[in-house]
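Reading through the structure tokens given below for one structure.
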Amino acid sequence: MRESWQSLPREIAGLVLPMGCAGCGRPRERDRLCEECSSVLKGAVPRRVWPSRVPSGLPRVYGALTYTGGVRAALLAHKERGALGLAAPLGTVLARAVRLAAHAPQATPAAPVGLAEPAPAACGRRGPPSRDGGPSSGRGSPVALVPVPSARRAVAGRGHDPVRRLAREAARTLRREGMAVRVLPVLRQRRRVVDQAGLTAAQRTANLAGALEPAPAGARLLGAGRVVLVDDVMTTGASLAEAARALGGVDSAAVLAVRADA
1 MRESWQSLPR EIAGLVLPMG CAGCGRPRER DRLCEECSSV LKGAVPRRVW
51 PSRVPSGLPR VYGALTYTGG VRAALLAHKE RGALGLAAPL GTVLARAVRL
101 AAHAPQATPA APVGLAEPAP AACGRRGPPS RDGGPSSGRG SPVALVPVPS
151 ARRAVAGRGH DPVRRLAREA ARTLRREGMA VRVLPVLRQR RRVVDQAGLT
201 AAQRTANLAG ALEPAPAGAR LLGAGRVVLV DDVMTTGASL AEAARALGGV
251 DSAAVLAVRA DA
């Protein structure tokens, strides 16, 4: 119901004002991307990514896009302006990164800054390539996608939880491709943190240290299957490192985009 009311102002505005592509602003149907911006998402190739300074405890992270230009605009439109029609195409891209993260080896050494070459398709056995170039997953133990939580006040202000929504869209895509996956939002903030915008990497790490904890039934829900942390954007990696710590050392994560200057 809240999301229906949230979308009402945009519905009214769309009757009297021209709507633009959420990525580049060209005239386009509300909450949609133009052909050029859509092609950027469709052509995104997931790969291993790193921030310039790797925080202690950062899991192996896979992402498909650079957080700039139209990608940044589309993510902000979905996250801050409630452009919910973007969840499906963005979630499809996230699904590709999740697939790589779920099939990655249990440990890999630290490596260079920024976007790396595409990661190996699978660990152990290889399956036939999927539509995004990754392996087929079979139907073993379900992979658990754990969204990095937002503060309650942020979720209330936006009217939705963007990372959880994207995780669910990614899970839908992966299920259609035959992968056993579920979304388990078992992390929560145990104390308030300040807004991360404008903070240095060290300040972000200090701000988030000890800020997250699993829900009481979290360990039981996660079970023994593979766990992949999910977030929309990686800046310094502090949020993912804290989330991994809170869950006892998760070793894989998937993000939609990484900041070019991270």
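Numbering of the sequence shown is given in UniProt numbering, commencing with residue 1 and proceeding in unit increments.
The beta-carbon is built from N, C-alpha and C at its ideal position, and this holds for glycine as well.
Computed from a predicted structure; not experimentally measured.
What residue range does the alpha helix (DSSP H) around residue i cover?
i	result
Arg-172	162–176
Ser-39	35–42
Gly-218	218–222
Ala-212	For clarity, residue 212 is Leu in the given sequence; the question names Ala instead. Where Leu-212 is concerned, there is no enclosing alpha helix (DSSP H), although the beta strand (DSSP E) it sits in stretches over 212–214.
Leu-240	238–246
From what residue to what residue does the beta strand (DSSP E) around residue i run?
i	result
Thr-92	Element bounds for Thr-92: not the beta strand (DSSP E) but the alpha helix (DSSP H), 87–102.
Leu-76	Careful: Leu-76 lies outside any beta strand (DSSP E), inside the alpha helix (DSSP H) at 69–80.
Ala-144	143–147
Arg-48	47–50
Val-181	181–183
Is residue j closer than 8 angstroms to residue i when the C-beta atoms are compared?
i	j	result
Ala-244	Thr-66	no
residue 263	Leu-174	Absent from the model: residue 263. The displayed extent of the chain is 1 to 262, so no value can be given.
Val-233	Leu-212	no
Leu-221	Val-186	yes
Ser-252	Arg-60	yes
Val-143	Val-230	no
Residue i: buried (16+ other C-beta within 10 angstroms of its C-beta) or exposed?
i	result
Ser-239	buried
Arg-96	buried
Arg-131	Below a pLDDT of 50, predicted positions are generally treated as unreliable, and Arg-131, at 38, falls in that range; the measurement from the model is reported next regardless. Exposed, because fewer than 16 other Cβ atoms sit within 10 Å of the Cβ of Arg-131.
Arg-223	Correcting the residue type first, residue 223 is Gly in the shown sequence and not Arg. It is exposed - the Cβ of Gly-223 has fewer than 16 other Cβ atoms within 10 Å.
Arg-26	exposed
Ser-141	exposed
Lys-79	buried
Thr-68	exposed
Gly-210	exposed
Ala-200	At residue 200 the sequence reads Thr, which differs from the Ala that was named. By the neighbour-count rule (16 or more Cβ atoms within 10 Å), Thr-200 is not buried but exposed.
At a cut-off of 7 angstroms, would you count residue i as near the ligand COA, judging by its Cβ distance to the nearest heavy atom?
i	result
Arg-81	This structure lacks the ligand COA, and indeed carries no ligand of any kind.
Kindly identify the DSSP beta-bridge partner or partners of residue i.
i	result
Gly-20	Pro-27
Gln-203	Note: Gln-203 sits in no beta bridge, so no partner.
Thr-66	Val-258
Ser-252	Arg-60
Asp-231	Val-255
Arg-188	Glu-213
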